[in-house]
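Numbering (UniProt numbering), first residue to last: 1 to 294.
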């Protein structure tokens, strides 16, 4: 059949107005051209769409059915055009975002929620990953953004700090130090520690060992766990203690206590990281949002 979107638009206007002159004015076309277009459409379909008798325009039954379909087509086209326009500005897209335990227990949920309120047609795929693994996936383009443990000194990446968390001691509630109003770092010397697996928690463990060395001791590592929940679970079993950050209060399980470390002013930075080059429009929107929020 030889007709297109223009014929559909013209017919829909006449069918909705039930008046050729008003439809022509609405479309900003000459009335004879509009009449020819409708006749061409009827000829192509082989049906009468409009009843033009008695100087009035009425829809035939076939015309009513066809109008419903035309309106669906026009609405669909409007949606396609709107989405196409959004794609040209980056407003329609997909982001793969890596995160550590510290990010998801801290500011990341609010960041992603607020970004999606502002940009509802950008979908986000969150992927858990350790700092080193995220950096590798960022380099290969498998991640668009990483929320990981800082600091970072690699010129191929841009970054912004999204949270800076004080360190705390995590104790089981029957521990002798649990009832105190804060502890000194040196009081943790000799305690069995539960840490994250060295293969994934290297960046955080480097921070932890560094601050312990400043107090004159190295942690006595008794157990390892894959993630924060595992670490806290082993502490709840009274297998040891750990040093974590204040974001732990968002996922702390029953039977555990967070104690401020009074003589420690160091903090753990969580940073958002993305590639410096080859950034898409959608990635640029998220990067600008992160910088604005920082």
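In this text, a Cβ means the ideal position worked out from N, Cα and C, and glycines have one as well.
Inset, instruction - Return the Cβ separation of residue 266 and residue 161 in integer angstroms, given the expectation that the two are a contact with Cβ distance under 8 Å. - result: The pair is not a contact, with the Cβ atoms about 14 Å apart (cut-off 8 Å).
Inset, instruction - Look up residue 153 in the DSSP assignment and give the residues it is bridged to. - result: Paired residue(s): none; residue 153 is not in a bridge.
Inset, instruction - Since I believe residue 99 is in contact with residue 128 (beta carbons under 8 Å), could you give me their beta-carbon distance rounded to a whole number of angstroms? - result: 6 Å
Legend entry - DSSP three-state assignment for residue 271, whether helix, strand or coil: strand
Inset, instruction - Work out the CA separation of residue 79 and residue 15 for me, nearest whole Å. - result: 22 Å
Inset, instruction - Just grab the DSSP bridge partners of residue 147 for me. - result: 99, 272
Legend entry - Buried versus exposed, by CB contacts within 10 Å (16 or more), residue 70: buried
Legend entry - 9 Å Cβ cutoff met for residue 11 and residue 144: no
Inset, instruction - Between the Cα of residue 97 and those of 272, 54, 289, 19, spot the shortest distance and give me the residue it belongs to. - result: 272
Inset, instruction - Could you spell out the range, first to last residue, of the alpha helix (DSSP H) harbouring residue 88? - result: 61 to 89
Legend entry - Cβ contact (3+ pairs, closer than 8 Å) linking the stretch 190 to 205 and the stretch 214 to 229: yes
Legend entry - residue 126 - containing beta strand (DSSP E), residue span: 122 to 128
Legend entry - Sequence-distant residues of its chain with Cβ nearer than 8 Å to residue 218 (five each side left out): 209, 212
Legend entry - Element boundaries [beta strand (DSSP E), containing residue 193]: 192 to 196
Legend entry - Close Cβ partners of residue 274 (< 6 Å) along its chain, the five nearest in sequence each way excluded: 145, 158, 287
Inset, instruction - Check the DSSP bridge columns for residue 119 and list the partner residues they point to. - result: In the DSSP output, where bridge partners are listed per residue, residue 119 has none listed.
Inset, instruction - Just grab the DSSP bridge partners of residue 51 for me. - result: 58
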